[in-house]
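Listed in order, the protein sequences are those of chains A and B. Counting in our numbering, the first sequence runs from 1142 upward without gaps. Counting in our numbering, the second sequence runs from 497 upward without gaps. Read the structure below first, then the notes.
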Amino acid sequence: MTGVAAEVVAVLLLAAVLAFAMIQPRGLSEATVAVPAAGISVALGIISTADAVTQLRQLGATVGFLAAVLVLAYLADAEGTFRWLGDRLISSSRGHPGRLLAVVFGAAAVTTAVLSLDATVVLLTPVVFGTAARLGLRAKPHVYACTHLANSASTLLPVSNLTNLLAFGASGLSFLGFTALMAAPWLASLAAEFLAFRWFFAADLASSAEPTVPSVTQDAPRFALAVLALTLAGFAASSFTGIPPVIVAGAGAAVLAAKAMIRGQVGPWRLVREASPLFCLFVLALGVVVAGVTAHGLGAALGSVLPSAPTLPGLLVVAGLAAALSNVVNNLPATLMLLGSLGPAPHPGLVLAALLGVNIGPNLTYVGSLATLLWRRVLAGGDAAPTLREFLRLGVITVPAGLAVATVALWLALTVGRGWLP
Amino acid sequence: MIAGSVVVWLTEGTWHSVVDAAAAAAPADATVVLLHVVDTRLEEAVHGAYGGLLGRHRRHRDPGDTVGQAAAGAGADLLAAASARLGRPARHDIRDGLVEREVVAACEGAALLVCARDGDRSRLGPKSLGRYTRFVVDHAPCAVLLIWPEQAPALGSIPPPPAHYPRHPGG
Chain A
1142 MTGVAAEVVA
1152 VLLLAAVLAF
1162 AMIQPRGLSE
1172 ATVAVPAAGI
1182 SVALGIISTA
1192 DAVTQLRQLG
1202 ATVGFLAAVL
1212 VLAYLADAEG
1222 TFRWLGDRLI
1232 SSSRGHPGRL
1242 LAVVFGAAAV
1252 TTAVLSLDAT
1262 VVLLTPVVFG
1272 TAARLGLRAK
1282 PHVYACTHLA
1292 NSASTLLPVS
1302 NLTNLLAFGA
1312 SGLSFLGFTA
1322 LMAAPWLASL
1332 AAEFLAFRWF
1342 FAADLASSAE
1352 PTVPSVTQDA
1362 PRFALAVLAL
1372 TLAGFAASSF
1382 TGIPPVIVAG
1392 AGAAVLAAKA
1402 MIRGQVGPWR
1412 LVREASPLFC
1422 LFVLALGVVV
1432 AGVTAHGLGA
1442 ALGSVLPSAP
1452 TLPGLLVVAG
1462 LAAALSNVVN
1472 NLPATLMLLG
1482 SLGPAPHPGL
1492 VLAALLGVNI
1502 GPNLTYVGSL
1512 ATLLWRRVLA
1522 GGDAAPTLRE
1532 FLRLGVITVP
1542 AGLAVATVAL
1552 WLALTVGRGW
1562 LP
Chain B
497 MIAGSVVVWL
507 TEGTWHSVVD
517 AAAAAAPADA
527 TVVLLHVVDT
537 RLEEAVHGAY
547 GGLLGRHRRH
557 RDPGDTVGQA
567 AAGAGADLLA
577 AASARLGRPA
587 RHDIRDGLVE
597 REVVAACEGA
607 ALLVCARDGD
617 RSRLGPKSLG
627 RYTRFVVDHA
637 PCAVLLIWPE
647 QAPALGSIPP
657 PPAHYPRHPG
667 G
């Protein structure tokens, strides 16, 4: 199948995959529709078997890496890393809401960068709520900071977001090169977001009339922190040692897993579940389905509006388009589509600008989550009017500002750091 | 809501002073209702962030549920502490929903609402009211006792009037 018919079928398949993943009827895995959809793409010749195999081979290491990082974050939490972090937030904030917001920003930014956005949303957010409650403070600015930074702080390392992992190979950059170029955009967007939060939540961040600072006693989970630090060092050194980051992440997860299993704290089945094998399968299948979409004109059409040179206007256009696309579809398929459209050897600057867009952009509308929330309401038979208006207003303030300063910072980094480019 | 009752709206950070003010202001024979509203926006935002993780939903681990339960627990703890501080019998009313609207609804038929300024309390002025408190003060269907949780700022904290004072449209 070729031409318009192939494009139409490919888009319909992608829409079905995304709708199923967002709605998740009866809690069924996203792979339930994605894998057959990938099979149909190949069977109908929308994507050739050879191209599908190439796509799967390219995604294989990425998905392995993702599984290792998910297990690493789970085991770090099981070792008490996040409980310890909550106690550190209490002692360093000294009961002051403004100071708590600053340290929560730091904790969420570092957690997202090192252990990926999933760890921030699933593991750190409840801890931050508990921290605010123990301090007798309003939790909203701090909890919202976690949900926002899970996206906007996921630009620093190739491991911080699945989108980065997907694009890392295409960028042609080393682990350190990627990080060096993204450091300034990461800091710039964090600064913009922090200022916006201070203004937006000024009333919630007013001092408590009677500050309380509960005593914290928990010892640091030294073993887990040491393994995380060594894993991070291993990522950084991968450029020199030649050991791919996926092996480093796997080794870090294996060391923590060995300790937990020797102590009988976790079984092998649990580790397999934490690695989310069905999600890994979903990503592989999604890759094949999206390759079908970009192979028949839509990729070329998107490619024709994408700039080919990393000038400042060019970077802004790519970042803006990527942010818009991540709000139309989820940022995972958006990344795959952009990579398919940027051509075989895009300039690394353009890939990084696209990542700024797909990572910071989702805070604007939370397209996937809005659909999920509305569906949840429908199932519950409740009032379907979303109470997300406040959250969306915050997105309208933070996303354009954060994306603009981050892209300008990227342009400066590309200008100063030409030597880091391959 | 009980007719003629005194509703005491309690929030994090300012509830101590509100309880003290209610103890002083409520007539001895009035029913005191200690009110706390769990803001569902918070839980929904976390559900939203989790929903954004396309393909990684494991329902039993939705942090929005964890946060929602913890928020309800923290609210109950706050009411228990307030009750102990009040030192007289009081009804507990813990709700969830949109904070400002739930508070107004809880005041139906009440004689008095006691609540606190919760914004920038470093100077006299409109910013001393957070956006939910402003809604409540604007819409409450009863008398409102609006307290400063700490000592009120001095009169001098009001900025001087503008040089060209706006003229009355008719004047």
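Just so it is clear, CB atoms sit at the ideal spot from N, CA and C, and this is done for glycine as well. As the structure is a prediction and not an experimental result, all values here were calculated from the model.
Sequence-distant partners of Thr1435 of chain A (beyond 5 residues in either direction) whose C-beta falls short of 7 Å from its own C-beta, in its chain, are Met1478, Gly1481, Ser1482. Using a CB distance cut-off of 8 Å, Glu508 of chain B counts as an interface residue toward chain A. With respect to the 8 Å criterion, Leu1256 of chain A and Leu1213 of chain A are classified as neighbours on the basis of their beta carbons. Taking a beta-carbon distance threshold of 8 Å, Asp535 of chain B counts as an interface residue toward chain A.
In the DSSP assignment, Cys611 of chain B forms a beta bridge with B:Leu642.
Against chain A, a Cβ distance below 7 Å from Ser513 of chain B picks out Ala1350.
Counting C-beta atoms within 10 angstroms of its own C-beta, Leu1505 of chain A has 16 or more neighbours from the protein chains shown and is therefore classed as buried. When the five nearest sequence neighbours on each side are left out, the beta carbons in the same chain lying within less than 6 Å of the beta carbon of Arg1279 of chain A are those of Asp1345, in order along the chain.
Not flagged as an interface residue toward chain A: Pro622 of chain B, since no C-beta distance is shorter than 8 Å. Distance from the Cα of Glu508 of chain B is smallest, within the candidate group A:Gly1201, A:Val1557, A:Pro1238, for A:Pro1238. Gly1310 of chain A carries a helical assignment under DSSP once its states are collapsed to helix, strand and coil. Secondary structure note for Ile1538 of chain A: it is in no beta strand (DSSP E), and the uninterrupted alpha helix (DSSP H) holding it is 1530–1557. If you check each beta-carbon in the stretch 606–619 of chain B against every beta-carbon of chain A, the ones closer than 7 Å belong to Asp614, Gly615, Asp616, Arg617. For the pair of segments examined, the stretch 1453–1468 of chain A was found not to touch the stretch 1163–1181 of chain A: the number of CB pairs separated by less than 8 Å stays below three.
Listed as beta-bridge partners of Gly593 of chain B by DSSP are B:Asp535.
Under the DSSP assignment, Val1300 of chain A falls outside any beta strand (DSSP E); it carries neither an H nor an E label. The three-state secondary structure of Arg587 of chain B, taken from DSSP, is strand. Chain-order list of chain B residues neighbouring Ser1417 of chain A: Arg552, by C-beta distance under 7 Å.
Around the Cβ of Val1204 of chain A, a 10 Å sphere holds 16 or more other Cβ atoms; the residue is buried.
Against chain A, the CB of Ala545 of chain B has a partner CB under 8 Å away; the residue lies at that interface. For a Cβ distance threshold of 9 Å, residue set Leu538, Val542, Pro559, Thr562, Val563, Ala566, Ala567, Ala570 of chain B lies close to Phe1270 of chain A, ordered along the chain. For Glu646 of chain B, the residues of chain A that pass the 7 Å Cβ criterion are Ala1350, in the order they occur in the chain.
In this structure Leu1322 of chain A does not touch Ala1463 of chain A by the C-beta definition: roughly 16 Å separates them, more than the 8 Å allowed. Taking all protein chains in view, the Cβ of Glu604 of chain B is surrounded by fewer than 16 other Cβ atoms within 10 Å, so the residue is classified as exposed.
When rounded, the separation of the alpha-carbon atoms in Glu1220 of chain A and Ala1365 of chain A is 6 Å.
Closer than 8 Å to the CB of Arg627 of chain B there is at least one CB belonging to chain A. Within chain B, the residues whose beta carbon sits less than 9 Å from that of Thr1266 of chain A are Val542, Ala545, Tyr546, Pro559, Gly560, Thr562, Val563, listed in sequence order. Within a 10 Å sphere around the beta-carbon of Asp1218 of chain A sit 16 or more other beta-carbons, which makes this residue buried.
For a cut-off of 8 Å, the C-beta gap from Ala1202 of chain A to Val1387 of chain A is around 5 Å, short enough to register as a contact.
Looking at A:Ala1151, A:Val1431, A:Phe1381, A:Ile1164, the one whose alpha-carbon comes closest to that of Gly544 of chain B is A:Ile1164. The CB of Asn1500 of chain A never comes closer than 9 Å to any CB in chain B; the least such distance is about 11 Å.
The criterion of a C-beta distance shorter than 8 Å is not satisfied by His588 of chain B and Leu641 of chain B.
Under DSSP, Val1158 of chain A forms no beta bridge with any residue. DSSP lists no beta-bridge partner residue for Val542 of chain B. About 4 Å separates the CB atoms of Thr510 of chain B and Pro645 of chain B; that is less than 8 Å, so the two are in contact. Asp1259 of chain A has a beta carbon lying within less than 8 Å of a beta carbon in chain B.
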